[in-house]
Amino acid sequence: MTPSPTNARPDLRLVDVSRRYGPVTAVDRVSLDVAPGEFVTLLGPSGCGKTTLLKCIAGFLPPSEGQVVLRDEVMNDVLPHLRNIGIVFQHYALFPHMTVADNVAFGLRMRKRARTAIAGRVQEMLRLVRLPGFADRYPHQLSGGQQQRVALARVLAVEPVLLLLDEPFGALDKKLRVEMQLEVKQLVALLGMTTIFVTHDQEEAMRMSDRVAIMHAGRIVQCAAPEVIYDRPCDLFVADFIGSSNLLDGRIRGTSAGRLRVEVAGVPLEVPCHASVRPAGEDVVVMVRPENLALSETWPSDRPAWAGVVSLALHTGPVMEYEVVVGETWRLRVSRPRMQVESARVWAKGDRVAVTVVDLKAVRIFHGDTAGATSVRSL
Amino acid sequence: MPAGRLGGRVGHVTFWVAIWTLALGGLLYLLLPTLIIVVASFTAGEYITFPPQGLSLRWFTRLMALAEVRVSAWRSLIVATAATAVAVVLGVAAAFPLVRGRFAGREALNAFLMSPLILPSLVYGLAALMFVSAIGLPLSVPVLVLSHVAIIVPYVIRTTAASLALLDPHLEEAARSLGANAWKTFLRVILPNLLPGIATGAAFAFISSFDNLTVSLFLAGPRVETLPIRLFAMINFDFDPAAAAISAVLVLITFAVVLLAHWAVGLTRVIRL
Ligand SMILES: Nc1ncnc2c1ncn2[C@@H]1O[C@H](COP(=O)(O)OP(=O)(O)O)[C@@H](O)[C@H]1O
Ligand SMILES: [Mg+2]
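Each protein sequence line maps, in turn, to chains A and B. Residues in the first sequence are numbered from 44 upward in steps of one, following this note's numbering. Residues in the second sequence are numbered from 16 upward in steps of one, following this note's numbering.
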């Protein structure tokens, strides 16, 4: 995978880490460097091995193979309580028999800090997570969001080298989740905390991360900045998993001077491409994001277009989502901002339209027609 | 009212009448014999009768006067307390690998450790006696305690394991990642959360040791008589209301222990939930 963008020594380095449960390979040769202060998200569908990887990092599970290196020190045989790695879980895992203050003080007491120093630090942490005055409450007397903040205060109090967050907002409702995303992002940035965040929610991953590592069946398939993941997915799995996209079967018709001529649904597209010459007649999959398609009533003279009929028009708030049927079998998803729609035209079911690609540079082309194929274009 | 709705209402009412009748009947059936013996113990007459002939505490006073009864009651309390203490330590320790451990044969081991609950305690008593005499141990209070431990420890294992199974495993991981070693994690985080289960198991354990007859019969010997053995002897020789009074005392202590456990559990619940 891509090494971290900075030259600094990574806080965490995973070297070909694998973990098997009997015949199941939950984590498969994962390598990853996380730079100091970096916020990296492991994103992938449920069961792809995210939690298992976190457990290997935290020391709750020994990796079957590979190395977990924390600040140049191999951690494989170090017990979890000696690693100084903080972890926060989806269901908070606050100690139910202790007050908020005792929960936050727990790690400091384990480190045998002076009593007065502990009391001061607890107050400081509770102020930081905006819960001063909650010191004497018990966890069950707090809301989900408050419990999650206490869990954060508890783990940040001991200044861990690395913070692991395993789907920490999974139990919160949508509005609170977005608030907590911002809050945690700011808190972690303020403290310069190196963080590995786990989620299966791609919006959350995109919103919070410096880099997103897409996991699929135990492997990291792509690890890059959110916009790179979105704009240049490395394979069909990522293209399909991140955002919505039109994945259309096409055929190469020829190559010329940095351009690839691809025929999709009877229309030839000239896609800028740095890749090597491809044989004409090769089957490919063409990815076009819904927002990269535009609708018009009149036939464009300057570019190729598909003739279609609007079969679905949905309001989703900020954008309009359309489905346009082209020919017998092709269905194109198109999304246009509402503002633009109002200044131009709102399409309705049954309207005849011409569909054009807005920006051919943003079109991606993949080998073959099955998931797991890799991009023709270099990243 | 449409016929269907009326029919539905009749069905609903008959269901609840049936449930309540069975529940109350069952409860009465459970409690009645005990209630009768307790009431009978307050008789002023010379024989156990129901209803009692007049009310008095004379048989309780007589119990107090009987040195063997006092000694055996005291011994039963000591044996039950000691056996419970040992059973709690062993049972809590055993519950841990039984719930959290990942090893082959865990299920089988579970079944084995629960077996005294299924195994006839009469058989266990005989087996234990043979074992003790084979290794040449004289019958004594410690031997009695250890034999009781064997039959009561499953109660502690079972209730503690149930509590442990309900405990979020992430609590342990959180504690470990915060710097607590295995011992501190157990003592500071796990144990406090298991107290309701342990208290319940300890209460069951104490009661079943305190009124155990079958195992004690084999392992008590003439010198280390327990209260249930004394009661058994009294019923055999002269069936007078003092036996009923001993029963009343046993029932009273059982209730006291149950209430104590209930209070302890409630206390921890207040903090937890
Ligand atoms: N203790 C276990 N024993 C056997 N298989 C497991 C165990 N834990 C997880 N797995 C398997 O490993 C894979 C990855 O699980 P997990 O890391 O929990 O995924 P995620 O957190 O991404 O949802 C899944 O196929 C899961 O069924
Ligand atoms: Mg998970």
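Beta carbons are placed, not taken as given, at the ideal position from N, Cα and C, and that holds for glycine.
Chain-ordered neighbours of residue i on chain A, where CB pairs are closer than 9 Å
{"i": "B:V204", "result": "F138, H140, M141 and F149"}
Beta-carbon spacing of residue i, residue j below 9 Å
{"i": "A:G309", "j": "A:G370", "result": "yes"}
{"i": "A:V367", "j": "A:W342", "result": "no"}
{"i": "A:P88", "j": "A:H259", "result": "yes"}
{"i": "A:L86", "j": "A:A282", "result": "no"}
{"i": "B:A97", "j": "B:V160", "result": "yes"}
{"i": "A:L291", "j": "A:L279", "result": "no"}
{"i": "B:A263", "j": "B:I52", "result": "yes"}
{"i": "A:G261", "j": "A:D59", "result": "no"}
{"i": "A:V121", "j": "A:L205", "result": "no"}
{"i": "A:D402", "j": "A:V353", "result": "no"}
{"i": "A:S107", "j": "A:S74", "result": "no"}
{"i": "B:A271", "j": "B:T99", "result": "no"}
{"i": "A:H124", "j": "A:M168", "result": "no"}
{"i": "A:V398", "j": "A:A356", "result": "no"}
{"i": "B:I166", "j": "B:Y139", "result": "yes"}
{"i": "B:I63", "j": "B:A276", "result": "no"}
{"i": "B:A218", "j": "B:V273", "result": "yes"}
{"i": "B:A176", "j": "B:V114", "result": "yes"}
{"i": "A:R254", "j": "A:C266", "result": "yes"}
{"i": "B:H163", "j": "B:V86", "result": "no"}
{"i": "A:L195", "j": "A:L219", "result": "no"}
{"i": "A:Q224", "j": "A:F284", "result": "no"}
Cβ-Cβ separation, residue j to residue i (assumed contact under 8 Å), whole Å
{"i": "B:R245", "j": "B:V101", "result": "24 Å between Cβ atoms; not a contact."}
{"i": "A:M209", "j": "A:V172", "result": "Here residue 209 of chain A turns out to be Asp, not Met, going by the sequence shown. At roughly 18 Å, the Cβ-Cβ gap does not stay under 8 Å, so A:D209 and A:V172 are not in contact."}
{"i": "A:R304", "j": "A:P315", "result": "No, A:R304 and A:P315 are not in contact; Cβ-Cβ is about 11 Å, not under 8 Å."}
{"i": "A:R407", "j": "A:R294", "result": "The Cβ separation is near 16 Å, so there is no contact."}
{"i": "A:Q190", "j": "A:L151", "result": "A:Q190 to A:L151, Cβ: 19 Å. No contact."}
{"i": "B:V230", "j": "B:S148", "result": "That pair is no contact at about 15 Å."}
{"i": "B:L124", "j": "B:L234", "result": "Between B:L234 and B:L124 the Cβ distance is about 26 Å, and since that is not below 8 Å, they are no contact."}
{"i": "A:A214", "j": "A:Q133", "result": "6 Å"}
{"i": "A:V201", "j": "A:L174", "result": "Contact flag wrong, Cβ pair sits at about 17 Å."}
{"i": "A:A178", "j": "A:V131", "result": "That pair is no contact at about 19 Å."}
{"i": "A:M363", "j": "A:V389", "result": "7 Å"}
{"i": "A:P105", "j": "A:N119", "result": "7 Å"}
{"i": "A:R409", "j": "A:V307", "result": "Correcting the residue identity first, residue 409 of chain A is Phe in this sequence and not Arg. Not a contact, Cβ separation roughly 13 Å."}
Contacts of residue i in chain A (Cβ-Cβ under 7 Å)
{"i": "B:L186", "result": "A136 and F138"}
{"i": "B:G212", "result": "Here the premise fails: no neighbours, minimum Cβ distance about 13 Å."}
{"i": "B:A195", "result": "H124 and M153"}
{"i": "B:P207", "result": "H140"}
Contact set between residue i and chain B, taken where Cβ atoms lie within less than 8 Å
{"i": "A:F132", "result": "H185, E188 and A189"}
{"i": "A:I128", "result": "S192"}
{"i": "A:V201", "result": "L193 and G194"}
{"i": "A:F212", "result": "Result: empty, since nearest Cβ-Cβ is about 16 Å, beyond 8 Å."}
{"i": "A:F409", "result": "Near A:F409 there are no residues of chain B at all, since even the closest Cβ is about 40 Å away, more than 8 Å."}
Chain B contact residues for residue i, given Cβ-Cβ distances below 9 Å
{"i": "A:I100", "result": "Under the 9 Å cutoff, chain B gives no residues; its nearest Cβ is about 10 Å from A:I100."}
{"i": "A:F177", "result": "The contacting residues do not exist; A:F177 stays about 17 Å from chain B at best."}
Residue i at chain C interface by Cβ criterion, 9 Å
{"i": "B:T215", "result": "No chain C is present in this structure, whose protein chains are A and B."}
Check: residue i C-beta below 8 Å from any heavy atom of ligand 4
{"i": "B:T174", "result": "The model depicted lacks ligand 4 and carries ligand 1 and ligand 2 instead."}
Where residue i meets chain B, residues with beta-carbon distance less than 7 Å
{"i": "A:F284", "result": "Within chain B, no residue comes near A:F284; the closest Cβ sits about 27 Å away, beyond 7 Å."}
{"i": "A:F280", "result": "Within chain B, no residue comes near A:F280; the closest Cβ sits about 30 Å away, beyond 7 Å."}
The region 158-177 of chain B / the region 98-118 of chain B touching (three or more Cβ pairs under 8 Å)
yes
I'd like to know if the region 234-250 of chain B and the region 46-60 of chain B are in contact, where contact means that at least 3 CB-CB pairs between them fall below 8 Å.
no
Could you say if the region 127-143 of chain B and the region 62-76 of chain B meet the contact criterion of at least three C-beta pairs nearer than 8 Å?
no
Counting pairs of Cβ atoms below 8 Å between the region 90-102 of chain A and the region 204-218 of chain A, do you hit three or more?
yes
Cβ contact (3+ pairs, closer than 8 Å) linking the region 221-238 of chain B and the region 191-199 of chain B:
no
Cβ contact (3+ pairs, closer than 8 Å) linking the region 75-86 of chain A and the region 226-239 of chain A:
yes
Would you check if the region 373-381 of chain A and the region 326-334 of chain A touch, i.e. whether three or more CB-CB distances between them fall below 8 Å?
yes
Is it the case that the region 248-264 of chain B contacts the region 197-212 of chain B, given that we only count it when at least three CB pairs across the two stretches are under 8 Å?
no
Touch test, the region 176-192 of chain B against the region 247-257 of chain B, Cβ-Cβ under 8 Å, three pairs minimum
no
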